[in-house]
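The structure appears below as structure tokens.
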Amino acid sequence: MSHDSQRIRALLARASLVGLAVGVAVSATSACLHGEAQGGDTATRHYDDKEAALARFEEPERDAWAMPKRVVELLGITPNMDIADIGAGSGYFTRRLATAAREGTTYAVDVDADFKHHVETHRDEWGTPNIVTRLAVYEHPLLPRESVELVFISNTYSFLQDRAAYFTAVYRALRRGGRLAVIDWRDDVTCPRSIGCPKPGDRVALATAITELEQVGFEVIEHHDFLSYQYFLILGRAVDRAPKPAPSDQP
Ligand SMILES: C[S@@+](CC[C@H](N)C(=O)[O-])C[C@H]1O[C@@H](n2cnc3c(N)ncnc32)[C@H](O)[C@@H]1O
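Start counting the sequence shown at 3; every next residue gets the next number (the working numbering).
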């Protein structure tokens with residue numbers, strides 16, 4: 003068994019304990035409001051009021067600023083792609099990704115069992131039975147090596163604590179030529195807290211995200227700036243993009 007598989011098994015075994023611990027934390031903070039992520043330690047930020055959180059992820063006004071149609075079009079998804087949506091939440095993007103990749107599998111990866119259940123309950127009515135849910139742990143997406151062509155992560159980057167380790171796992175989950183798409187809150191604009199925009203100090207600046215991801219081995223392929231409150235990056239693995247030596251250069 004590879005070192006990676008052993009680690010994923012160990013993390014899976016711990017997943018039920020993590021779920022239990024988070025459950026305790028959730029009930030201990032039952033006074034929290036409006037579906038806002040709680041927890042001073044970003045490693046275990048969770049939602050106290052799940053219904054309010056789901057409602058906010060699905061607010062009809064969201065389409066105007068999150069522009070999901072344009073985002074998904076720019077991802078160049080082909081019908082048979084396998085995709086992972088990390089921090090899938092209500093499935094707002096998951097179902098759109100799964101519709102574009104209708105012959106592939108789209109994994110809805112989340113640490114929250116209630117959000118997982120929500121996606122499982124709605125995937126057929128969305129017309130996306132190709133969504134497969136994955137209950138992950140905070141420090142690892144539990145995606146097998148080389149299992150997907152695209153990893154998508156929206157408004158979840160700042161939730162991840164040891165991002166070097168986390169995105170190394172993401173890197174390994176990508177097949178050759180695979181891409182990572184990151185959408186997250188800009189720290190240089192004012193955005194309404196009512197739409198879920200974190201306080202400026204809780205946002206990860208674009209330059210920081212790029213530096214962190216480059217250190218893991220990613221390279222920015224596209225940076226789109228049409229979203230009012232968020233940056234949108236598409237990255238590839240630098241190793242896949244390095245120029246191949248010309249035949250005459252080879253010994
Ligand atoms: C702000 S919501 C974003 C939901 C969705 N991506 C969207 O754009 O509507 C953050 C999501 O990330 C999940 N989450 C938090 N920490 C996580 C982690 N370490 N791994 C995977 N998901 C995580 C939360 O449960 C929540 O569903």
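By construction, the Cβ of each residue, glycine as well, lies at the ideal position given by its N, Cα and C atoms.
Review point. With distances taken from CA atoms, which of 138, 69 and 152 is nearest residue 85?
Key: In the sequence shown, counting from the first residue as 1, residue 85 sits at position 83. When only C-alpha atoms are compared, the closest one is 152.
Review point. Based on Cα-Cα distance, which residue from 123, 81, 159 and 127 lies nearest to residue 140?
Key: Position 138 of the sequence shown, counted from the first residue, corresponds to residue 140. It is 159 whose Cα lies nearest to the Cα of residue 140.
Check your understanding: Looking at the unbroken alpha helix (DSSP H) that takes in residue 124, where does it start and where does it end?
Key -> Position 122 of the sequence shown, counting from 1, holds the residue named residue 124. Where residue 124 is concerned, the enclosing alpha helix (DSSP H) stretches over 115-124.
Review point. Does the Cβ-Cβ distance between residue 135 and residue 110 come in under 7 Å?
Key: Within the sequence shown, numbered from 1, the residue matching residue 135 stands at position 133. Within the sequence shown, numbered from 1, the residue matching residue 110 stands at position 108. When the beta-carbon positions are compared, residue 135 and residue 110 come within less than 7 Å of each other.
Exercise for review: Just list the alpha helix (DSSP H) runs in the stretch 191-223, keeping only unbroken ones of 4 residues or longer that don't cross its boundaries, in chain order.
Suggested key: 208-218
Practice item. With DSSP as the reference, please indicate the residues paired to residue 110 in a beta bridge. Key: Taking the first residue of the sequence shown as position 1, residue 110 is located at position 108. Answer by DSSP bridge pairing, in chain order: 87 and 135.
Review point. Ends of the alpha helix (DSSP H) at residue 76?
Key: Within the sequence shown, the letter at position 74 stands for residue 76. First-last of the alpha helix (DSSP H) with residue 76: 70-76.
Review point. Do residue 149 and ligand 1 come close, with the Cβ less than 6 Å from some heavy atom?
Key: Locating residue 149 in the sequence shown gives position 147, counting from the first residue. No, the beta carbon of residue 149 sits no closer than 6 Å to any heavy atom of ligand 1.
Check your understanding: Taking 6 Å as the cut-off, does the CB of residue 93 come closer than this to any heavy atom belonging to ligand 1?
Key -> Here the question's residue 93 lines up with position 91 in the sequence shown. No, since every heavy atom of ligand 1 falls outside the 6 Å radius drawn around the Cβ of residue 93.
Point to revise | Separation of residue 200 from residue 34, as counted between CA atoms | key: Within the sequence shown, the letter at position 32 stands for residue 34. Within the sequence shown, the letter at position 198 stands for residue 200. Note that residue 34 has pLDDT 28, beneath the 50 cutoff, so the model's placement of it is unreliable and no number is given.
Check your understanding: How big is the Cα-Cα spacing for residue 169 and residue 96?
Key -> Against the sequence shown, residue 169 aligns to sequence position 167. Against the sequence shown, residue 96 aligns to sequence position 94. For residue 169 and residue 96, the distance between alpha carbons rounds to 19 Å.
Check your understanding: What span of residues does the alpha helix (DSSP H) with residue 2 cover, start to end?
Key -> Only positions 3 to 253 of the chain appear in the structure, and residue 2 is not among them; the question remains open.
Review point. Which residues does DSSP pair with residue 183 in a beta bridge?
Key: Reading the sequence shown from its first residue, position 181 is the one you call residue 183. Paired residues: 154 and 236.
Review point. Which one or two residues does DSSP pair with residue 176 in a beta bridge?
Key: Counting from 1 along the sequence shown, the entry for residue 176 is found at position 174. BP columns for residue 176 point to 150.
Practice item. Please go through the same chain and pick out, in chain order, the residues whose beta-carbon is closer than 7 Å to the beta-carbon of residue 234, but skip the five residues on each side of it. Key: By 1-based counting over the sequence shown, the position of residue 234 is 232. Residues 73, 185 and 226 of the same chain have their beta carbon placed closer than 7 Å to that of residue 234, with the five preceding and five following residues left out of the count.
Practice item. Quick one: using the 10 Å Cβ neighbour count with 16 as the cut-off for buried, is residue 155 buried or exposed? Key: Along the sequence shown, read from residue 1 onward, the residue named residue 155 stands at position 153. It is buried - the Cβ of residue 155 has at least 16 other Cβ atoms within 10 Å.
Review point. Chain C beta carbons: is any one of them nearer than 7 Å to that of residue 212?
Key: Judged by its chain identifiers, the structure shown contains no chain C, having just a single protein chain.
**Study point:** Counted within 10 angstroms of its Cβ, other Cβ atoms place residue 62 as buried (16 or more) or exposed
**Key:** Position 60 of the sequence shown, counted from the start, is the residue given in the question as residue 62. Residue 62 should be labelled exposed.
Point to revise | alpha helix (DSSP H) segment containing residue 99, residue limits | key: Position 97 of the sequence shown holds residue 99. Taken as a continuous stretch (DSSP letters only), the alpha helix (DSSP H) holding residue 99 covers 96-102.
**Study point:** Through-space distance from residue 98 to residue 126, alpha-carbon basis
**Key:** Locating residue 126 in the sequence shown gives position 124, where the first residue counts as 1. Locating residue 98 in the sequence shown gives position 96, where the first residue counts as 1. Rounded to the nearest angstrom, the two C-alpha atoms are 13 Å apart.
Point to revise | Check whether residue 218 and residue 173 have beta carbons under 7 Å apart | key: Locating residue 218 in the sequence shown gives position 216, where the first residue counts as 1. Locating residue 173 in the sequence shown gives position 171, where the first residue counts as 1. Their beta carbons are under 7 Å apart, which means residue 218 touches residue 173 by this criterion.
Practice item. Leaving out five residues on either side along the sequence, give the residues of the same chain with a beta carbon under 6 Å from the beta carbon of residue 104. Key: As a first step, residue 104 must be located in the sequence shown, where it is residue number 102. 81, listed in sequence order.
Exercise for review: May I have the straight-line CA-CA distance separating residue 92 from residue 60, to the nearest angstrom?
Suggested key: Start at 1 with the first residue of the sequence shown, and residue 92 comes out as number 90. Start at 1 with the first residue of the sequence shown, and residue 60 comes out as number 58. Cα-Cα distance, rounded: 7 Å.
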